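Reading through the structure tokens given below for one structure.
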Amino acid sequence: MSHPSVVVLSYGSGNVRSAVRALKRVGADVELTADPDAVGAADGLVVPGVGAFGAVMDQLRSAHAPRLIDRRLAGGRPVLGICVGMQVMFDSSTERFEPLGEHREGRDARDGTRRAGGLGQWPGTVSRLRAGVVPHMGWSEVRAPRDTVLFDGVAGERFYFVHSYAATTDPAALLDPLESGPARLPRTTWATHGEDFVAAVENGALSATQFHPEKSGDAGFQLLRNWLTTL
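Numbering (our numbering), first residue to last: -18 to 212.
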């Protein structure tokens, strides 16, 4: 019996070994690499992310990852973002950073907040959570949509989060359904820490989670198994 092949993108972001181990545990053949040929050939690509949004974007650009991700998604090839690997799928973030060039920063016209540009796969800005305690670190319950694939069998379970920033607007609400097509609108899963925020998004070939499935016990392993069924 063949196992799905998965590349965990290696571009210098944090400790990704736990993601590799978790994917192997649920039945994937896993390679940790940024080699373009391997990224293009794999059944699935996982984009992890740890640290500041702007720093992760700089690392992704250095590895030519935006182009590799775009090519996969253009061909309908599955991609899974995790934690900051999910945040960078949005247009931008207000997280403070030290940009390497003027083209990598912007300023919000309403309040002057400096923004780091993301990959722009989904509309919206990632911002600091409005909560009494930040970072949000620990287990939180999620609220998944009815037609979820990722959360099949684990909708309403608790998953492990470590983050200070999140998207708080449903990307589907920011898209024009006449342009996107109803079947292509993102399906959003929510969680709450001080305020409601986006815990996961499923959007055709592109899926992402704000939490760490590889650190979320049996529920996280089941979510990864569910993702493997889409490859």
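No residue lacks a Cβ here, since even glycine has one placed at the ideal position from N, Cα and C.
Since the structure is predicted, the reported quantities are computational estimates derived from the model, not experimental observations.
query, result
"Using 8 Å as the Cβ pair cut-off and three pairs as the minimum, do the region 13 to 30 and the region -16 to -2 touch?", "yes"
"Please report the distance separating the alpha-carbon of residue 83 from that of residue 97.", "Confidence at residue 83 is low in this model, with a pLDDT of 41, below 50, so the placement of that residue is unreliable and no value is reported for it."
"State yes or no: is the C-beta of residue 119 within less than 9 Å of the C-beta of residue 141?", "yes"
"Since residue 193 contacts residue 143 with CB under 8 Å, what's their CB separation in whole angstroms?", "7 Å"
"Between which two residues does the beta strand (DSSP E) holding residue 133 run?", "Note, residue 133: premise wrong, no beta strand (DSSP E); not H, not E."
"Using the three-state DSSP reduction, which class does residue 167 fall into: helix, strand or coil?", "coil"
"What residues match up with residue 189 in a beta bridge as DSSP calls it?", "62 and 182"
"Tell me the residue span of the beta strand (DSSP E) that contains residue -7.", "Unbroken run through residue -7: none, as it is neither H nor E."
"CA-CA distance, residue 188 and residue 114?", "28 Å"
"For residue 68 and residue 99, what's the separation of their Cα atoms in angstroms?", "8 Å"
"Given a cut-off of 9 Å on the beta-carbon distance, is the pair residue 13 and residue 1 in contact?", "yes"
"Counting only runs of 3+ residues fully inside the region 22 to 60, write out the beta strand (DSSP E) ranges in chain order.", "25 to 28"
"Roughly how many angstroms lie between the CA atoms of residue 150 and residue 46, to the nearest whole one?", "26 Å"
"What three-state label does DSSP hand residue 67 in the structure shown?", "helix"
"Throw me the rounded Cβ distance for the residue 37 and residue -6 pair, which I believe falls under 8 Å.", "6 Å"
"May I have the straight-line CA-CA distance separating residue 56 from residue 49, to the nearest angstrom?", "11 Å"
"By Cβ distance, which residues of its chain are closer than 7 Å to residue 87, with the 5 residues on each side in sequence left out?", "Any reading at residue 87 needs caution, since the residue's pLDDT is 47, under 50, leaving its predicted position unreliable; the model's value is listed next. 73, 96 and 98."
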